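Chemist: Handing you a structure now.
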Amino acid sequence: MKKAEKSKIIIAIVAISFIQGLQYSVSPVLGQIQEHYKNINVSLVQMLITAPALLAMLVALISGGLVVKVSKKKLLIFASITSGIAGFLPLLSDSFGLLFFSRIFYGVSLGLACTLNTAVVAEFFEGNERVSVMGIQAASIGTGMVVITTLGGRLGELGFQASYFTNIIGFLSFIAIALCLPDTGKTQVTQTDKIRLNKDVFIISIFGMLEFLFLITFTTNISMHISGELTGNSTVSGILIGIFSGAQIVMGLILGLVTKVTRKYTLPVAMLSFSIGGIFLICFPDNFVLLIIGALFCGFSQGMFIPQAMCDVANAVNPVATTMASACFTCFMSLGQLISPTVLNTASKLIFGNVTTSHAYLISSIGMVAAAGIVIMMKVGKKQEKQLQ
Numbered sequence: 083m084k085k086a087e088k089s090k091i092i093i094a095i096v097a098i099s100f101i102q103g104l105q106y107s108v109s110p111v112l113g114q115i116q117e118h119y120k121n122i123n124v125s126l127v128q129m130l131i132t133a134p135a136l137l138a139m140l141v142a143l144i145s146g147g148l149v150v151k152v153s154k155k156k157l158l159i160f161a162s163i164t165s166g167i168a169g170f171l172p173l174l175s176d177s178f179g180l181l182f183f184s185r186i187f188y189g190v191s192l193g194l195a196c197t198l199n200t201a202v203v204a205e206f207f208e209g210n211e212r213v214s215v216m217g218i219q220a221a222s223i224g225t226g227m228v229v230i231t232t233l234g235g236r237l238g239e240l241g242f243q244a245s246y247f248t249n250i251i252g253f254l255s256f257i258a259i260a261l262c263l264p265d266t267g268k269t270q271v272t273q274t275d276k277i278r279l280n281k282d283v284f285i286i287s288i289f290g291m292l293e294f295l296f297l298i299t300f301t302t303n304i305s306m307h308i309s310g311e312l313t314g315n316s317t318v319s320g321i322l323i324g325i326f327s328g329a330q331i332v333m334g335l336i337l338g339l340v341t342k343v344t345r346k347y348t349l350p351v352a353m354l355s356f357s358i359g360g361i362f363l364i365c366f367p368d369n370f371v372l373l374i375i376g377a378l379f380c381g382f383s384q385g386m387f388i389p390q391a392m393c394d395v396a397n398a399v400n401p402v403a404t405t406m407a408s409a410c411f412t413c414f415m416s417l418g419q420l421i422s423p424t425v426l427n428t429a430s431k432l433i434f435g436n437v438t439t440s441h442a443y444l445i446s447s448i449g450m451v452a453a454a455g456i457v458i459m460m461k462v463g464k465k466q467e468k469q470l471q
């Protein structure tokens, strides 16, 4: 494949990643939304970020088999158009119900984008180049989050409804995908090369669910967590989410170098990075500089975990099963996001007697350390098994 053709495919991958970034379009204004709809439970407000995962899970599973009937390009074009339409729906009426529905509807786009983005990378790139492009993909998601949350925070100063205009990115992604992504047709399945998953896919997917169960707390809580003179400032929360995303960009771009150091322990290192960031968030909710440090470590976690886990999933199966393996990972990841507010707020109330953002971050940090420990023990166990053979 020529360099120019690869560059066009990477542009399309970036566009798909921006569709994924739209999940966080309302993050900087969650505090304003909570104030505007005072009779709405805080968990429901937080679920404006995680609710898309509900439909994304179903769509991800369907798309795993749908690629044998419809090309990836056509599905991604549909996803981009749907994301733009869903984003502007809340402008029709000042209704939390409509806003919540629009976020769930966006899940169609999220499920397709998450599943097929990895499949596109796996189809056109191999070996070390695949790892590097997966890193670019993660960096692109981070870039999308930076642009979307920073713009959303700025527009949020005019009122939280103004932040909905960031969803024009969905229509811009449609143009990029239509122009740059080759249409390779339907995925061909033969008798000898069938779509099959193995236990490695499910193990990685379960840890993906745990990663996002805890990681999503950064974006669902940060606008309500900042205190002191920073309280209620959508620009500050937008900047922090932008820095979180920026850290993801940096990590995605240098992932190839990082994995040479972390090797098979990349996933647990990513998890521990979040826990370090969580400590800063818990201890310094009113200190902008230290909140930035916390955001950096949390962003590094996502920037390391997603591309490495996606590579592990893609490498665990035959090429024809890559989309289904990616769909499985997306499904578990989406489940973690979806249940996060309910699980962590319930745990906070049971353990501490009340629900606060600090408690959510504390439970998440401890949970991430525990998950990382399990991964490390499994890796060490596998190494010992090989030595005994």
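Heads up, the sequence shown is in the numbering used here, so the first residue is 83 and it goes up one at a time. Each residue gets a CB set at the ideal place from its N, CA and C atoms; glycine is no exception. All values reported here derive from a predicted model rather than from experimental measurement.
1. Would you kindly work out how many angstroms separate the C-alpha atoms of residue 391 and residue 223, rounded to a whole number?
2. So, for residue 303: in the same chain, excluding its five sequence neighbours on each side, which residues have a beta-carbon less than 6 Å away from its beta-carbon?
3. Where does residue 119 sit, in a helix, a strand or coil, going by DSSP?
4. When you compare only the Cα positions, how much space is there between residue 190 and residue 468?
5. In this structure, does DSSP put residue 195 in helix, strand or coil?
6. Do the CB positions of residue 132 and residue 298 come within less than 8 Å of each other?
7. Alpha carbon to alpha carbon, how far is residue 245 from residue 361?
8. Among 453, 166 and 154, which one has its Cα closest to the Cα of residue 349?
9. Could you compute how far the alpha carbon of residue 384 sits from the alpha carbon of residue 406?
10. Quick check: the Cα distance between residue 318 and residue 168, rounded to an integer number of angstroms?
11. With a threshold of 8 Å, are at least 3 pairs of Cβ atoms found where one atom belongs to the segment 88–98 and the other to the segment 192–201?
12. Are residue 230 and residue 373 close, meaning C-beta to C-beta below 8 Å?
13. Counting pairs of beta carbons, one from the segment 196–215 and one from the segment 84–92, are three or more of them closer than 8 Å?
14. Please give the ranges of any alpha helix (DSSP H) in the segment 93–175, keeping only runs that are unbroken, at least 4 residues long and fully inside the region.
15. Span of the alpha helix (DSSP H) holding residue 212?
16. Just the C-alpha distance for residue 414 and residue 431, rounded to the nearest angstrom, thanks.
17. With distances taken between CB atoms, is the gap from residue 177 to residue 256 smaller than 8 Å?
18. Taking the Cβ atom as the reference point for each residue, do residue 423 and residue 102 lie within a distance shorter than 8 Å?
Modeler: In terms of the structure at hand:
1. What you label residue 391 is simply residue 309 of the sequence shown in a count that begins at 1. What you label residue 223 is simply residue 141 of the sequence shown in a count that begins at 1. Going from the Cα of residue 391 to the Cα of residue 223 covers about 15 Å.
2. Taking the first residue of the sequence shown as position 1, residue 303 is located at position 221. 439 and 442, listed in sequence order.
3. Looking up residue 119 in the sequence shown gives position 37. Here residue 119 sits in coil by DSSP.
4. Here residue 190 refers to the residue found at position 108 of the sequence shown. Here residue 468 refers to the residue found at position 386 of the sequence shown. Rounded to the nearest angstrom, the two C-alpha atoms are 42 Å apart.
5. Indexing the sequence shown from 1 puts residue 195 at position 113. In the structure shown, residue 195 sits in a helix (DSSP, three-state: H, G or I).
6. If you number the sequence shown from 1, residue 132 lands on position 50. If you number the sequence shown from 1, residue 298 lands on position 216. Yes, the Cβ-Cβ distance between residue 132 and residue 298 is below 8 Å.
7. In the sequence shown, residue 245 corresponds to position 163, counting from 1. In the sequence shown, residue 361 corresponds to position 279, counting from 1. So the two alpha carbons sit approximately 30 Å from each other.
8. Taking the sequence shown and counting its residues from 1, the one referred to as residue 349 is at position 267. Nearest of 453, 166 and 154 to residue 349, Cα basis: 453.
9. Here residue 384 corresponds to residue number 302 of the sequence shown, with the count starting at 1. Here residue 406 corresponds to residue number 324 of the sequence shown, with the count starting at 1. Each residue's Cα considered, the two are about 22 Å apart.
10. Residue 318 sits at position 236 when you count from the first residue of the sequence shown. Residue 168 sits at position 86 when you count from the first residue of the sequence shown. The alpha-carbon atoms of residue 318 and residue 168 are separated by roughly 26 Å.
11. yes
12. If you number the sequence shown from 1, residue 230 lands on position 148. If you number the sequence shown from 1, residue 373 lands on position 291. Their beta carbons are not under 8 Å apart, which means residue 230 does not touch residue 373 by this criterion.
13. yes
14. 112–118, 124–132, 134–148 and 154–170
15. Position 130 of the sequence shown, counting from 1, holds the residue named residue 212. Run containing residue 212: 209–238, per the alpha helix (DSSP H) assignment.
16. If you number the sequence shown from 1, residue 414 lands on position 332. If you number the sequence shown from 1, residue 431 lands on position 349. The alpha-carbon atoms of residue 414 and residue 431 are separated by roughly 25 Å.
17. As a first step, residue 177 must be located in the sequence shown, where it is residue number 95. As a first step, residue 256 must be located in the sequence shown, where it is residue number 174. In this structure, residue 256 does not lie closer than 8 Å to residue 177 by Cβ.
18. Within the sequence shown, residue 423 is the residue found at index 341, counting from 1. Within the sequence shown, residue 102 is the residue found at index 20, counting from 1. Their beta carbons are not under 8 Å apart, which means residue 423 does not touch residue 102 by this criterion.
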